[in-house]
């Protein structure tokens with residue numbers, strides 16, 4: 002019989018080997034989360050009884066990488082950002098660690114106005130403005146700023162997977178200026194249903210990509226890609242199908258049907274654009290549900306860019322459905338990047354006779370007394386966020402903010 006236990010390994014700070022596993026007897030609880038358009042998190046509580054457990058306390062001075070693996074699911078990888086030890090006299094101590102996944106890299110890299118120049122000479126342009134197909138533009142930002150770090154003596158192990166032969170993704174314009182790559186591209190990815198991924202490759206893993214450079218990798222590497230969410234219309238969760246043991250659905254109304262975008266200029270010289278939602282909400286809400294909001298966008302110098310900002314804001318303020326499911330069974334739908342559904346996939350759910358269609362925003366795997374359970378969420382991650390994920394996200398956000406402040410020129 003195949004074990005249904007989650008296995009945990011603590012790696013060396015350079016990712017070149019394993020310090021040791023956390024044994025099943027010492028692992029009191031564990032959970033890991035894959036996130037669409039955001040950083041995934043994980044947490045675990047262990048007995049203080051091994052070298053691997055003690056390593057979790059060293060995050061002040063070292064990177065402490067961790068991998069988690071539930072049978073039948075992808076390997077989760079990340080590093081510890083918060084550790085707490087509790088000890089009662091006469092009893093073995095317990096250590097609780099909170100982790101973030103490899104996409105945390107994008108929150109640790111600034112998008113410079115002029116990536117080819119040192120910080121002492123950034124006057125050549127106010128913003129790094131790039132226009133083109135979304136996949137190409139996002140890849141350019143990553144490549145330019147990874148090269149900037151390398152030129153400054155800070156090599157990082159990010160490698161872009163081969164680009165598509167033909168980039169037919171939507172045309173976008175992104176302005177970058179000293180915010181993290183994650184912040185600069187967040188609205189664009191959300192609006193168009195794309196994501197920037199980061200996957201850890203370790204020696205012994207299957208070759209990645211279809212070019213020789215990935216076949217010959219021999220050190221730990223973060224593989225970067227830009228992908229579109231898939232459509233899985235045949236996946237329809239309900240009380241009758243999908244192994245749903247528990248469901249929690251929260252629905253919120255739209256925050257606006259139009260946006261006034263204020264561009265550059267002062268007083269009577271200021272430029273404005275008025276953007277109305279074109280996703281159908283104007284019709285379905287009718288005249289009694291209409292409202293508009295103001296968006297300050299003084300750096301949006303063209304009407305096209307202001308309209309794009311307005312559309313991004315309307316996407317952010319659209320009506321939200323958050324669906325949080327507990328799955329006690331892998332039938333009839335199986336989760337995984339090559340299976341029926343995974344993060345980023347557009348799927349369906351039918352409850353109370355109402356059918357919702359939205360993207361899988363988060364998938365968590367959590368230990369239980371007899372194995373593990375799967376917890377997919379789709380729709381808005383905010384309205385369906387569980388308490389443990391909310392705590393892990395806050396810790397991760399705090400760590401990202403500290404890193405951002407340290408990275409200021």
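Residue numbers (my numbering): 2 to 410. Cβ coordinates follow ideal geometry from the N, Cα and C atoms, glycine included. Quantities reported herein were computed from a predicted structural model and do not represent experimental measurements.
- Boundaries cannot be given for residue 107, as no alpha helix (DSSP H) includes it and DSSP labels it neither H nor E.
- Per the Cβ contact rule, the region 254-263 is in contact with the region 291-302 (3 or more Cβ pairs under 8 angstroms).
- As a beta-bridge residue in DSSP terms, residue 226 pairs with 198.
- Of all C-beta pairs linking the region 113-124 to the region 62-71, fewer than three are shorter than 8 angstroms, placing the two stretches out of contact.
- About 6 angstroms separates the beta carbons of residue 179 and residue 111, which is inside the 8 angstroms limit, making them a contact pair.
- In the DSSP assignment, no residue is bridged to residue 135.
- Ranked by Cα distance from residue 362, the first of 230, 267, 245, 339 is 230.
- Annotation for residue 337: 74, 75, 343 place their beta carbon closer than 7 angstroms to its own, counting only its chain and skipping 5 residues before and after.
- The region 79-88 and the region 97-105 touch, with three or more beta-carbon pairs separated by less than 8 angstroms.
- Boundaries of the alpha helix (DSSP H) around residue 54: 52-56.
- Burial is judged here by how many other beta carbons sit within 10 angstroms of a residue's own beta carbon; residue 224 has at least 16 and is buried.
- In this structure, the alpha-carbon of residue 153 lies about 44 angstroms from that of residue 6.
- Here residue 353 is exposed: its Cβ has fewer than 16 other Cβ atoms, across all protein chains shown, within 10 Å.
- Counted as a single uninterrupted DSSP element, the stretch harbouring residue 311 is not any beta strand (DSSP E) but the alpha helix (DSSP H) occupying residues 304-317.
- At least 7 angstroms separates the beta-carbon of residue 252 from that of residue 326.
- Counted as a single uninterrupted DSSP element, the beta strand (DSSP E) harbouring residue 70 occupies residues 66-70.
- Taking a C-beta distance under 7 angstroms as the contact criterion, residue 53 and residue 81 do not qualify as a contact pair.
- Per DSSP, the continuous beta strand (DSSP E) segment holding residue 87 begins and ends at 77-87.
- The beta carbons of residue 323 and residue 196 sit no closer together than 7 angstroms.
- Below 8 angstroms, too few C-beta pairs join the region 161-180 and the region 42-51 to call them touching: fewer than three.
- With contacts defined by Cβ atoms closer than 7 angstroms, residue 79 and residue 43 form a contacting pair.
- Per DSSP, the continuous beta strand (DSSP E) segment holding residue 351 begins and ends at 347-352.
- The beta carbons of residue 307 and residue 266 sit no closer together than 7 angstroms.
- Within the same chain, 168, 169, 170, 171, 172, 173 come within 8 angstroms of residue 134 by CB-CB distance, once the 5 residues on both sides are set aside.
- Taking a contact as a CB-CB distance under 8 angstroms, the pair residue 274 and residue 304 counts as one, their CB atoms being some 6 angstroms apart.
- Here residue 349 has 234, 236, 237, 238, 356, 357, 358 as same chain residues with Cβ atoms under 8 angstroms from its own Cβ, once five neighbours each way along the sequence are excluded.
- Around the beta-carbon of residue 372, fewer than 16 other beta-carbon atoms lie within 10 Å, marking it exposed.
- Put simply, the backbone Cα of residue 374 is about 53 angstroms away from that of residue 122.
- Residue environment: residue 157 is assigned as exposed (fewer than 16 neighbouring CB atoms within 10 Å of its CB, all protein chains considered).
- Judged by DSSP secondary structure, residue 184 falls outside any beta strand (DSSP E) and instead within the alpha helix (DSSP H) spanning 182-193.
- DSSP places residue 141 in the helix class (H, G or I) of the three-state scheme.
- Residue pairing of residue 36 in beta bridges, as defined by DSSP: 363.
- In the three-state reduction of the DSSP assignment, residue 115 falls in the coil class.
- Taking a 10 Å sphere around the C-beta of residue 190, we find 16 or more other C-beta atoms and assign the residue as buried.
- In the structure shown, the three-state DSSP call for residue 93 is coil.
- Residue 221 is classed as buried because its beta carbon has at least 16 other beta carbons within 10 Å across all chains shown.
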